[in-house]
Amino acid sequence: MDKNKNIFFIQGIQRENDESHIAVKIKYFYLNQSVANYLWQ
111 MDKNKNIFFI QGIQRENDES HIAVKIKYFY LNQSVANYLW Q
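With the first letter of the sequence shown counted as 1, position 26 gets the number 136 in my numbering; the numbers rise by one all the way through.
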């Protein structure tokens with residue numbers, strides 16, 4: 111049982127990391143867009 115719990119725990123951490131990674135990507139994408147818009151004015 112402990113091993114299964116551990117696997118679920120690790121999967122949960124990985125999923126959280128993936129989601130935050132995507133959020134960071136989106137944040138930087140929008141940041142780059144606004145910088146580009148600023149430079150193109």
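The C-beta atom is built at its ideal place from N, Cα and C for all residues, glycine as well.
As the crow flies, the alpha-carbon of Tyr140 is around 10 Å from that of Asn147. Here DSSP, grouped into helix, strand and coil, assigns Gln143 to helix.
Excluding the 5 residues flanking it on each side, Asn114 has no same chain C-beta neighbour closer than 7 Å. Under the three-state reduction of DSSP output, Gln121 falls in the helix class.
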